[in-house]
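In what follows, a structure is listed as structure tokens, so that the remarks can point back to it.
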Amino acid sequence: MPGRGYLGVMPDCLFCKIVAGEIPSTKVYEDEHSYAFRDLNPQAPTHVLIVTRDHFSDVADLGGDAAASARLLAGIRGLARQEGLTDFRTVLNTGAGVGQSVFHVHAHVLAGRPMGWPPG
Ligand code: AMP
């Protein structure tokens, strides 16, 4: 995947366009480094995607930048606090083989229903 560790906007990246406001989204939360919006195909009563403003392709890419990784976790914390979530599941799919379909790192934040383990 080109653009590993790329800081800024990646042309033709769906989530870069959402962050830039070029594609509409239902914003739930934002801070300096993260942007969160409702998933178009929700899998739980609360299903929010939180993305880095800078382009990283996946969590393996993001993990090469410790500060950016911490900023995404801080964004998840901010989102959860804002929405009053105490019990929630955070999913970061990495690779098409486990269901990643958008190659801009994003955490699914799911809440509002019982969830089984192990995940499917
Ligand atoms: P993943 O399969 O882990 O890469 O997650 C991608 C998620 O993005 C899926 O849950 C989709 O439903 C969601 N999605 C795709 N396009 C949009 C969009 N334009 N706005 C909101 N969510 C989207």
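Residue numbers (the numbering used here): 1010 to 1129.
Cβ coordinates follow ideal geometry from the N, Cα and C atoms, glycine included.
Computed from a prediction, not measured in an experiment: that's the story for all the values here.
Bridge partner(s) assigned by DSSP for residue i
i: F1024; result: None, per the DSSP bridge assignment.
i: E1039; result: Y1044
i: A1116; result: I1059
Cβ distance (whole Å) where residue i is taken to contact residue j below 8 Å
i: Y1038; j: Q1091; result: 5 Å
i: V1111; j: D1070; result: That belief does not hold up - the Cβ atoms of V1111 and D1070 are roughly 13 Å apart, past 8 Å.
i: F1024; j: V1060; result: 5 Å
Local conformation of residue i per DSSP, three classes
i: R1090; result: helix
i: V982; result: Residue numbering for the chain in the displayed model covers 1010 to 1129; residue 982 lies beyond these limits and cannot be assessed.
Any non-hydrogen atom of the ligand AMP closer than 7 Å to residue i Cβ
i: H962; result: Lying before the first or after the last residue shown, residue 962 is absent from the chain, which here runs from 1010 to 1129.
i: G1108; result: yes
i: L1071; result: no
i: V1034; result: Reading the sequence as shown, one finds Ser at residue 1034 and not Val. Answer for S1034: yes, Cβ within range of the ligand AMP.
i: F1046; result: yes
i: V1111; result: yes
i: L1023; result: yes
- [ ] With a floor of 3 residues, list each beta strand (DSSP E) that falls wholly inside the stretch 1051 to 1104, ordered by position along the chain.
- [x] Those beta strand (DSSP E) runs which fall completely within the stretch 1051 to 1104 and span 3+ residues are 1055 to 1061, 1098 to 1100.
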